[in-house]
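Peer 1:
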Amino acid sequence: MSKKIQDENGNTFVEVKPLYKRWWIWVLAVVVVIIAIAALSGGKDDTSSNKNSTANGHSTTDVEKGNSKNDNSSSNYLTIDYAKVPIISEKDYKLSITDNSWNSAAISVSNARIVKVEPFEYDSQSGKKAQGLVILHVSVKPSRDLDSAYPDQSTLITSDGQQVDAIMPSIKGLTLNWGGEIANGADKSGDVVFPIEKLSTVSDIKSLRYKFSASYATDDYDDENYNHDYDMTINLNN
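Counting in UniProt numbering, the sequence shown runs from 1 upward without gaps.
Following this line, the structure appears as structure tokens:
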């Protein structure tokens, strides 16, 4: 409440309190300070968020170089017959191997991929499971018409003594079931997949022996060259 003051002449005056003595001024000041602190805190959070979103540098890993991989994350898998099979580790070998032992066709192997996976059933009839896969990329370049060339229906012997036949499931990203008749002048290539039942590490396999047959049609009964058995040894530098 304002205080009334009367001077010596009988005049009455009302004493006005200074602003700093009014309670609502202090309440308003406190509110303003709280709002200012909240605004500053929000700005710091934004700055912190921006800092956290910046990229961090690191030395390039083998995985990023494409030399080898060792990652069992959910995004690292093979899609085999529409099922996701997790990859535990894998190793790629860039190759330059050509077999010219038969003058009717040259066979080249440009890549060998050794993959360790979570065990999966690769043969539903026998229930057999594989711990790994060997995937070869093979090319056939004939110099005459071949009526039978099946690099994808072949046999593999590993350096640790496993002998397996190629399989042709549906695997996303691979070209399978590509063998058959191959005409002169064609350059046909695709992938060949072998299940490996026992595989502790991808470095266990030091070499591969790759075998398949090819032939051409002929009416010459004396032609003993119409058929050929390819037998290629592939050494892997671990």
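C-beta: ideal position from N, C-alpha, C; glycine also.
Should K91 go down as buried or exposed, given a rule of 16 or more other Cβ atoms within 10 Å for buried?
Peer 2: Numbered from 1 along the sequence shown, position 91 holds the residue referred to as residue 91. Buried.
Peer 1: Which residue spans inside the region 93-139 form an unbroken beta strand (DSSP E) run of at least 3?
Peer 2: 105-123
Peer 1: Less than 9 angstroms between the C-beta atoms of D123 and I167, yes or no?
Peer 2: Taking the first residue of the sequence shown as position 1, residue 123 is located at position 123. Taking the first residue of the sequence shown as position 1, residue 167 is located at position 167. Yes, the Cβ-Cβ distance between D123 and I167 is below 9 angstroms.
Peer 1: Determine the closest residue to N177 out of G190, F120 and V117, with distance taken between C-alpha atoms.
Peer 2: Here residue 177 refers to the residue found at position 177 of the sequence shown. Of G190, F120 and V117, the residue nearest in Cα terms is G190.
Peer 1: What is the DSSP secondary structure of L40, reduced to helix, strand or coil?
Peer 2: For the purposes of this step, residue 40 is identified with residue 40 of the sequence shown, where counting begins at 1. If DSSP states are grouped into helix, strand and coil, L40 belongs with the helices.
Peer 1: For N235, which residues from the same chain have a beta carbon less than 6 angstroms from its beta carbon, with the 5 sequence-adjacent residues on both sides left out?
Peer 2: Taking the first residue of the sequence shown as position 1, residue 235 is located at position 235. The residues are S207.
Peer 1: Let me know if A149 comes out buried or exposed under the rule of 16 or more other beta-carbons within 10 Å of its beta-carbon.
Peer 2: In the sequence shown, the residue the question calls residue 149 occupies position 149. Counting Cβ neighbours within 10 Å, A149 comes out buried, since at least 16 surround it.
Peer 1: Whole-angstrom Cβ separation of L133 and F212, contact assumed at under 8 angstroms?
Peer 2: By 1-based counting over the sequence shown, the position of residue 133 is 133. By 1-based counting over the sequence shown, the position of residue 212 is 212. With 8 angstroms as the limit, L133 and F212 do not qualify as a contact, their Cβ atoms being about 18 angstroms apart.
Peer 1: Thinking Y216 and S154 are a contact (beta carbons under 8 angstroms), I'd like their distance in whole angstroms, please.
Peer 2: What you label residue 216 is simply residue 216 of the sequence shown in a count that begins at 1. What you label residue 154 is simply residue 154 of the sequence shown in a count that begins at 1. Going by Cβ atoms, the distance from Y216 to S154 rounds to 18 angstroms, so no, they are not a contact pair.
Peer 1: Please give the ranges of any beta strand (DSSP E) in the region 155-193, keeping only runs that are unbroken, at least 3 residues long and fully inside the region.
Peer 2: Counting whole runs of 3 or more residues, the region 155-193 contains the beta strand (DSSP E) stretches 155-158, 163-165 and 180-182.
Peer 1: For a quick check, are the C-beta atoms of T158 and S89 less than 9 angstroms apart?
Peer 2: To locate residue 158, count along the sequence shown from 1; it is residue 158. To locate residue 89, count along the sequence shown from 1; it is residue 89. Taking 9 angstroms as the Cβ cut-off, T158 and S89 do not qualify as a contacting pair.
Peer 1: To which residues of the same chain is S110 closer than 6 angstroms at the C-beta, ignoring the five residues directly before and after it?
Peer 2: Residue numbering aside, residue 110 sits at position 110 when the sequence shown is read from its first letter. When the five nearest sequence neighbours on each side are left out, the beta carbons in the same chain lying within less than 6 angstroms of the beta carbon of S110 are those of L95 and H137, in order along the chain.
Peer 1: Counting only the same chain and skipping the five closest in sequence on each side, list residues whose C-beta sits under 7 angstroms from that of S143.
Peer 2: On the sequence shown, position 143 is the one that residue 143 refers to. Excluding sequence neighbours, S143 sits near N103, S104, A105 and N184.
Peer 1: Whole-angstrom Cβ separation of V85 and E118, contact assumed at under 8 angstroms?
Peer 2: As a first step, residue 85 is located in the sequence shown; it is residue number 85 there, counting from the start. As a first step, residue 118 is located in the sequence shown; it is residue number 118 there, counting from the start. Rounded, the Cβ-Cβ distance is 6 angstroms, consistent with contact.
Peer 1: Buried or exposed for K116, please, with buried defined as at least 16 other CB atoms from any protein chain shown within 10 angstroms of its CB.
Peer 2: The residue labelled residue 116 in the question sits at position 116 within the sequence shown. By the neighbour-count rule (16 or more Cβ atoms within 10 Å), K116 is buried.
Peer 1: The beta strand (DSSP E) that contains L236, what's its start and end?
Peer 2: Taking the first residue of the sequence shown as 1, we reach residue 236 at position 236. No beta strand (DSSP E) contains L236, which DSSP labels as neither H nor E.
Peer 1: May I ask you to report which of helix, strand or coil DSSP gives D204?
Peer 2: For this step, residue 204 is matched to residue 204 along the sequence shown. It is helical.
Peer 1: Give the range of the beta strand (DSSP E) segment to which D147 is assigned.
Peer 2: Mapped onto the sequence shown, residue 147 falls at position 147. Taken as a continuous stretch (DSSP letters only), the beta strand (DSSP E) holding D147 covers L146 to A149.
Peer 1: Would you identify the three-state DSSP class for A217, choosing helix, strand or coil?
Peer 2: Within the sequence shown, the letter at position 217 stands for residue 217. It is coil, neither helix nor strand.
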